[in-house]
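According to this note's numbering, the sequence shown is numbered sequentially starting from 674. Built from N, CA and C at the ideal position, the CB exists for glycine as well. Note sheet for the following structure.
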Amino acid sequence: MVVTDDLRDVSLLTLAEAASVLRTPVATLRYWRHRGIGPAGFRLGRRVHYRRQDLDRWIEEQRTAQAVDRPLR
Numbered sequence: 674m675v676v677t678d679d680l681r682d683v684s685l686l687t688l689a690e691a692a693s694v695l696r697t698p699v700a701t702l703r704y705w706r707h708r709g710i711g712p713a714g715f716r717l718g719r720r721v722h723y724r725r726q727d728l729d730r731w732i733e734e735q736r737t738a739q740a741v742d743r744p745l746r
């Protein structure tokens with residue numbers, strides 16, 4: 674699935690849409706969810722959904738954590 678500008682305005686994303694936004698395979702996002710290490714998701718009925726703001730927050734947390742873990746040169 675290709676990320677379009679339309680997806681940027683949607684606040685509730687399916688598993689496939691969230692994987693597309695993160696540019697990661699759906700299987701990886703499922704694995705992260707299973708391990709509890711990925712962005713926060715939740716079930717609506719039988720489907721897993723992600724809030725766009727949760728994805729954005731998780732991306733920022735990853736970026737910040739990476740900056741902190743970098744050794745000084």
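- Its chain contains Leu702, Pro712, Leu728 and Ile732 as the residues whose beta carbon lies nearer than 8 Å to that of Leu695, once the 5 sequence neighbours on both sides are disregarded; these appear in chain order.
- Annotation for Leu686: Leu680, Val694, His722, Tyr723, Arg724, Arg725 and Leu728 place their beta carbon closer than 8 Å to its own, counting only its chain and skipping 5 residues before and after.
- If you check the CB distance, Arg706 and Gly714 come in under 8 Å.
- A straight-line Cα-Cα distance of about 12 Å links Arg708 and Ala700.
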